[in-house]
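Q: Quick note: the working numbering has the sequence shown finishing at residue 1209, numbered continuously throughout. A virtual CB, placed ideally from N, CA and C, is assigned to each residue, including glycine. Quantities reported herein were computed from a predicted structural model and do not represent experimental measurements. The structure under discussion is supplied below as structure tokens; questions concerning it will follow.
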Amino acid sequence: MLRGDILLTELIVSIGRRPAAAVLGIVWIVLIFAQPLSAQTAAGDRSPSTLDTNARLARLEQQAADAKSSADNAWMLTSAALVLMMTGPGLALFYGGLVRKKNVLGTMMQSFALMAVITVLWALFSFSLAFGSGNSFIGGLHNVFLRGVGAAPDADYAATIPLQTFMVYQLMFAIITPGLIAGAFAERMKFSAMLAFMVLWSIIVYDPMAHMVWGKGGLLNASLGGRFPTLDFAGGTVVHVTSGVSALVCALYMGKRLGYPKEPMVPHSVVLSFIGACLLWVGWFGFNAGSALAAGSLATSAFVATHFGAAAAAVGWAGAEWLRNGRPSVLGAISGAVAGLVAITPAAGFVSPIPALLIGLLAGVFCYWMVAKVKAKFGYDDSLDAFGVHGAGGTLGALLTGVFASSAINPVFKDAQGNATASGMLEGNPHQLLNQLVGVVIAWVLAIVGTLAILKLVDATIGLRVSEEEEVQGLDLSQHGEEGYYWETSA
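Now the structure itself:
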């Protein structure tokens, strides 16, 4: 007889004699029979259907992560293309329209050449010098020939996109930065000297500055524990201060163009410059919003700040010109927009829209004053106002970033418990303004010393400036054997 049957028989016999004991017995039997059932239920929790549910959840989580990575990667590749568009056609048209007709091709070719030459340098060793692991001032050679730069992300830089995407995005910054300097020596530097100068400048000035501000272990890196954490979201110091200050050094070293300032040297086509400025404005969204390195809310904030800064600066420059000259010029309005884009670049990912408007307005007025008054007072021939816009605007923007930066926009600084702390001076961190000043001073010193050394070296070896005859003829014919415009004449 089964154990359960025996217990049941004993229970029936005892019911009449001891009812209370019988009740306890019933409870006991129920518990005995319930144990196998509960064991079966526990085993059922690990049944194939439950395991399938867990696997599906894990698969969904992976698919969500893959979708985010794909979205971020798509945005970053688009941003890289927008930044490349800033050099060609944006900068090429903007600078090309500002020179005289005989120099339009030579000026545009300078921008185009950098798209090719800097790309080769970046692949060989410049990316490694800028973003490879090294010391506080320069990266190492771990990533020469793009070794180790593939589909896997580098969490120190961007955890959701391939390192190769990050590499090619940063390449576009390395291309346009030396191109900005060309505005200072426009119409008078040999093409061969320009190539030699730009290659050396990229290695000696740009790569170390990019590493100090953005690279692992960099002296000024705010997100990776630099000694002097400088807030530079998209290149105020790295791009604009270095190029603008270097432009001033070039203008002073090379001297004035023949006939400057007595002979009129007006832009040959403000139409080309207008188109170029508009392309720069659009491309700048990739420059600034892309520096969020993800398609998230920070990119949106940087996008809005960029647009607001440019618009306010265009109003500021044109308004100041209107008050001084009685009318605003088209060239002044587009120059103001570029000045605002320059100034908002370091702050784009740290400030809200209203401070962005204020930064842009101040930049428009300040850069107009630098171009209209300061340049005229000192008499240097910064042909296309590279220093007045990029050097001055970049310096102003970098300092104002330390004033207006907000942890609500980007909590870059955190305490030991991981809580966000104040970012800018108005938020309660006045020391940040000092950090910004340190970053600006380092950029100025590196640009001045590095540029002067390179100019002397190139001048002593192959010579910097075209001959007087070639300058009168123009760069198009003297350096490239072509003309930008062939006007047909009737027979």
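1. Expressed to the nearest angstrom, what Euclidean distance is found between the alpha-carbon atoms of Gly1192 and Arg818?
2. Taking the alpha-carbon of Gly977 as reference, which of Asn791, Tyr1098, Leu1195 and Val1130 has the nearest alpha-carbon?
3. Tell me where the alpha helix (DSSP H) around Thr1024 begins and ends.
4. Tell me the DSSP secondary structure of Asp925 in three-state form.
5. Any chance the segment 922-932 sits against the segment 945-960, with 3 or more Cβ pairs inside 8 Å?
6. Kindly give me the distance between the Cβ atoms of Gly808 and Gly994, rounded to whole angstroms, as I take these residues to be in contact under 8 Å.
7. Between which residues of its own chain and Ser910 is the CB-CB distance below 7 Å, once the five residues before and five after are set aside?
8. Enumerate in chain order the residues of its own chain whose CB-to-CB distance from Thr883 is below 7 Å, with the five nearest sequence positions on each side excluded.
9. Only counting the same chain, and skipping five residues up and downstream in sequence, which positions put a Cβ closer than 6 Å to that of Leu1075?
10. Give the straight-line distance between the Cα atoms of Ile1127 and Pro880, rounded to the nearest whole angstrom.
11. Whole angstroms is fine: what's the gap from Val801's alpha carbon to Val886's?
12. Quick check on the burial criterion: 16 or more other C-beta atoms within 10 angstroms. Buried or exposed for Glu779?
13. Answer with buried or exposed for Pro982, where buried requires no fewer than 16 other C-beta atoms within 10 angstroms of its C-beta.
14. To the nearest angstrom, report how far apart Ser1101 and Ala1110 are at their CA atoms.
15. Could you spell out where the alpha helix (DSSP H) holding Tyr887 opens and where it closes?
16. Which residues in the same chain have their Cβ closer than 8 Å to the Cβ of Val835, if we skip the five residues on either side of it in sequence?
17. In this structure, how does DSSP classify Lys1095 when only helix, strand and coil are distinguished?
18. Candidates Tyr971, Thr771, Ser797 and Leu775: which alpha carbon is nearest Ala1013's?
19. Assuming Asn1006 is part of the alpha helix (DSSP H), what are its boundary residues?
20. Just tell me which of Thr878, Lys820 and Val1190 has its CA closest to the CA of Trp1205.
21. Go to Tyr813, then tell me how far its alpha helix (DSSP H) extends in each direction, as first and last residue.
22. Take Gly1146 and list the residues in its own chain whose beta-carbon comes closer than 8 Å to its own, dropping the five residues that flank it on each side.
23. Could you work out which residue in Leu859, Ala1138, Ser787 and Gly1044 is closest to Ala697 when comparing CA atoms only?
A: In brief:
1. 9 Å
2. Tyr1098
3. Ser1015 to Asn1043
4. helix
5. yes
6. 5 Å
7. Ile1180
8. Asn791, Met794 and Leu795
9. Phe1026 and Ala1030
10. 25 Å
11. 11 Å
12. exposed
13. exposed
14. 15 Å
15. Leu881 to Ile899
16. Leu913, Met916 and Val917
17. helix
18. Ser797
19. Val988 to Asn1006
20. Lys820
21. Ala810 to Leu816
22. Ala1140
23. Absent from the model: residue 697. The displayed extent of the chain is 719 to 1209, so no value can be given.
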